[in-house]
Amino acid sequence: MPSSYALGVRLAPWLAITLLSLPVAGGLAGVIAPAFGFLPALGGNTLTLAHWQTLLNRPGLGQMIQLSYVTGLVSAAVSLAIVVLFLGAFMHTRLFSAVRRLLSPLLAVPHAAAAIGLAFLLAPSGLFSRALSPGVTGWQHPPDILFPGDPFGLAMIAGLVLKEVPFLLLMSLAALPQCQASERLRMARALGYGPLSAFLKVVLPGLYPLLRLPIYAVIAFASSTVDVALILGPTTPPPLAVAVLRWLNDPNLSMRFMASAGALLQLGVTLAALASWWLIEFLVRRLARDWLMNGRRHNGDAFLGGIALGAVSLSLLLIMGSLVGLMLWSLAAYWPFPEALPQPLTLRNWMGAAGRLGDPLIQAATIGIVATLLSSILVVGALEAETLHERPTRPWAQLILYLPLLVPSVAFLFGLVLIQVQIGAPPGIAAVILGHAVFVLPYVFLSLAESYRRLDPRWTYLARSLGASPAQVFWRVRLPMLSVPLLTAAAVGFAVSIGQYLPTLLLGAGRVSTITTEAVSLAGGGDRRLTAVYALLQLAMPALGFALALGLPRLVFRRRSGLLTSA
Amino acid sequence: MQPLILENVHITLEGNPLLGIDTTIAPGEVLTVMGPSGVGKSTLLAYIAGFLSPAFSARGRIWLGEHELTRLPAEARRVGLLFQDSLLFPHLSVGGNLAFGMTADGSRRKRQQRVEAVLKEIGLEGFASRDPATLSGGQRSRVALMRVLLSEPRAMLLDEPFSQLDTALRDEMRQLVFQRVKQENLPTLMVTHDAADAEAAGGRVIELAI
């Protein structure tokens, strides 16, 4: 295998960079020309600003923009606040290690499934209101409140926060050792600072720069989300990204010109949200300068710690409640309003759906497995090249890694669709797989890099001095020793692929349907029972992936305990 | 066996000279290099074995008798390494660890017999299929030593090889290691900060200072 190894190590970094940047850059380019009227395939041969005028005259555009912008900033701010307060108040406690174990499974919950579960929990006729009715509320009928789908987007923000908190926590866990958090914290505690004050004053200034890109990714995602907005967001008007999706799916093909302009506008809104955050960051840094050095040891540590505990407990409660709600609805037959539990329980919904489930499940699994495999090979190749040349990843490479997470996907994916149309490339499963890989690769990289870089270089030295070539060291030493983190990273990648809605929808041109696209479109209809079945299956697939990733090594390496503990 | 020759070796870190050495280590001789941490002892071993990190630069040549090593890739140098941790591959059995360094020739059975014989030699008969994580510290060190010797090195480099062992084990391992390298007539370079190691080696000592 030596030659394929050498070739792989040489090519993988460049292939990974191409996979990450080409679709984003190409997609954006593909959306610019039509936005100004140029798309020969649809008869647009002249440059014009007319489509921008149509867009700007669209009723409710201001509200759409505002909704996207505010959602992006508020959900990121709330998520960050919860994460920071929780880390500050509970790092080095037993609660923290318990939550830590829950993180990866929580992260694996697809956005759509979490949003559907939350909708079923908090809706006026949801599980929560049933539990309190009629006893506490006195409601005999579900109250007439628009939630989810409230005009302020609060339900949507809640859904996003629920998913972004585990993401930011996981990113922090990787970053904490890099900024010597434990040492800094111990030092400040020894100087008499309360736990949270110590964290905020000495750890956070080191931690924040390492969290900046993940936070920007959160803002970008939240300001341009489509699936969460479709399920939890307001409809008249919807957030901008949803509107863009509607325009580009309009049977009137000439709407695509305006949709292109809308996609570019979405990019602008996301950039504006990022710029605002950057400005706030700057101001906070300025204002905090004196506070950092004012010598106050306690700053309401207990109070803020209580808030953190409350927020994290509430998040966990919402997730658990969503799960219970989904299960109950999937088993419900007749379930009139104030009843807290459906009577009787039935498997009819599952049996009824069984016939139609095969295809979307197989499609989702195929796309997920191939996209994960492709991403994992490129990531391992890139990390191996980095190890071999003993040089750290450069800052620009880090930025490229985050590119697909920072550019609103509706903008560049739509550009790719237009290119597809223009060059006459057939939409289908291959395009969908590549589209998924663009989003899967960064997550596989982020979850594997830390373990890969931490592997003691002496293992390599030792194996080389025992006569093994670099290729043999890779196949016979490094790869098997990293099999546990590698499988975990693959499970993360698979979960990300299962969760993808927009790339499947757009690049598959409606011909590729996965469990996720089905679940999102069902959620828009009225059948809660069937929706619950789909959402649970959508949730089960990544869970199965994680179970395999955690269980398989324990089975295969049950007599190699050093491998399980070291990883 | 042939001597290990370090010809005018000079190592620099980002332009600052770190250490210089010019010596010949005879077959069966153990040369001890001593000095405080940060003086570049392990860097010297990395240079000889062929893994100098790009932060460092070095000049000077390494020879095994008439045979120059300086430009050879690490796996072709046949220089054995022993670290302070035994570093048994956790994904391989004890027997697998020993077989890893053996040359690929000979039948499967022959190789297996060789492994069994070596295990018997170090008092670990029947341990071939064991998980290395279940071994005691002393047992691991012995397996690590035999793994290097089975790869038939032409010279040995010892990087603080005994510093992780407790006192009783340390004496035992010192004896075993020095006895084996002398028996195999290997030119050996040991870096350590423990004067007792140097004393036990009983050879020349070079002191490095910052």
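Residue numbers (my numbering), protein chains in the order written: chain W, 234 to 800; chain X, -13 to 196. All C-beta atoms, glycine included, are put in the ideal place defined by N, C-alpha and C.
Query                                                                                                                                                                             : Result
According to DSSP, is residue 400 (chain W) part of a helix, a strand, or is it coil?                                                                                             : helix
Taking beta-carbon pairs under 7 Å, can you tell me which members of the region 66 to 81 of chain X lie near chain W?                                                             : 66, 67, 69, 73, 75, 76 and 77
By Cβ distance, which residues of its chain are closer than 7 Å to residue 661 (chain W), with the 5 residues on each side in sequence left out?                                  : 741, 744 and 745
For residue 369 (chain W), which three-state DSSP category applies?                                                                                                               : coil
Please determine, among W:363, W:329, W:494 and W:405, the residue with the shortest C-alpha to C-alpha distance to residue 267 (chain W).                                        : W:494
Where does residue 185 (chain X) fall in DSSP's three states?                                                                                                                     : helix
State the start and end residues of the unbroken alpha helix (DSSP H) segment that holds residue -7 (chain X).                                                                    : It is not in any alpha helix (DSSP H) - residue -7 (chain X) instead sits in the beta strand (DSSP E) that spans -10 to -1.
Where does residue 132 (chain X) fall in DSSP's three states?                                                                                                                     : helix
So, is the C-beta of residue 147 (chain X) closer than 9 Å to a C-beta in chain W?                                                                                                : no
Which residues of chain X have a Cβ atom closer than 7 Å to the Cβ of residue 710 (chain W), listed in chain order?                                                               : 75
Using a threshold of 9 Å, state whether the C-beta atoms of residue 431 (chain W) and residue 421 (chain W) are closer than that.                                                 : yes
For the beta strand (DSSP E) that contains residue 323 (chain W), what are its first and last residues?                                                                           : Element bounds for residue 323 (chain W): not the beta strand (DSSP E) but the alpha helix (DSSP H), 294 to 323.
Exposed or buried, what is residue 584 (chain W) when buried is set at 16 or more other beta-carbons lying within 10 Å of its beta-carbon?                                        : exposed
For the region 268 to 278 of chain W and the region 464 to 475 of chain W, state whether three or more C-beta atom pairs, one from each stretch, are separated by less than 8 Å.  : no
Listing by chain order, which chain W residues have their CB less than 9 Å from the CB of residue 61 (chain X)?                                                                   : 696, 697, 698, 699, 700, 701, 702, 703, 705 and 706
At a Cβ threshold of 9 Å, is residue 112 (chain X) touching chain W?                                                                                                              : no
Please name the residue in W:681, W:522, W:496 and W:663 whose C-alpha comes closest to that of residue 285 (chain W).                                                            : W:496
Just list the residues that DSSP pairs residue 526 (chain W) with in beta bridges.                                                                                                : Answer by DSSP bridge pairing: none, since residue 526 (chain W) is not bridged.
When the Cα of residue 236 (chain W) is compared with those of W:769, W:767, W:707 and W:789, which residue comes out closest?                                                    : W:707
Would you say residue 197 (chain X) and residue 697 (chain W) are within 9 Å of each other, going by their C-beta atoms?                                                          : The question about residue 197 (chain X) has no answer, for chain X in this structure spans -13 to 196.
Taking the Cβ atom as the reference point for each residue, do residue 455 (chain W) and residue 775 (chain W) lie within a distance shorter than 9 Å?                            : no
How about residue 120 (chain X): is its C-beta nearer than 9 Å to some C-beta of chain W?                                                                                         : yes
Output needed for residue 149 (chain X): all residues of its chain with C-beta closer than 6 Å, excluding positions within five of it in sequence on either side, in chain order. : 70
Is residue 325 (chain W) close to chain X, meaning its C-beta is less than 9 Å from at least one C-beta of that chain?                                                            : no
Buried or exposed for residue 27 (chain X), going by 16 or more other Cβ atoms inside 10 Å?                                                                                       : buried
Measuring CB to CB, does residue 355 (chain W) end up less than 9 Å from residue 329 (chain W)?                                                                                   : no
Is it the case that the Cβ atoms of residue 109 (chain X) and residue 128 (chain X) are separated by a distance below 9 Å?                                                        : yes
Start and end of the alpha helix (DSSP H) containing residue 342 (chain W)?                                                                                                       : Looking at the DSSP string, residue 342 (chain W) is not in any alpha helix (DSSP H), and its letter there is neither H nor E.
Against residue 86 (chain X), what residues of chain W qualify as contacts under a CB-to-CB distance less than 8 Å, listed in chain order?                                        : 696, 699, 701 and 709
Using a cut-off of 9 Å between C-beta atoms, extract the partners of residue 39 (chain X) located in chain W.                                                                     : 623 and 690
Thinking C-beta only, is residue 504 (chain W) closer than 9 Å to residue 264 (chain W)?                                                                                          : no
Where residue 6 (chain X) and residue 43 (chain X) are concerned, what is the direct C-alpha to C-alpha distance, given to the nearest angstrom?                                  : 12 Å
Is it true that the CB of residue 565 (chain W) sits closer than 9 Å to the CB of residue 460 (chain W)?                                                                          : no
Using the three-state DSSP reduction, which class does residue 157 (chain X) fall into: helix, strand or coil?                                                                    : helix
Residue 163 (chain X) and residue 147 (chain X) look like a contact to me (Cβ under 8 Å); what is the Cβ gap, rounded to whole Å?                                                 : 6 Å
Verify whether the separation of the beta carbon atoms of residue 690 (chain W) and residue 363 (chain W) is less than 9 Å.                                                       : no
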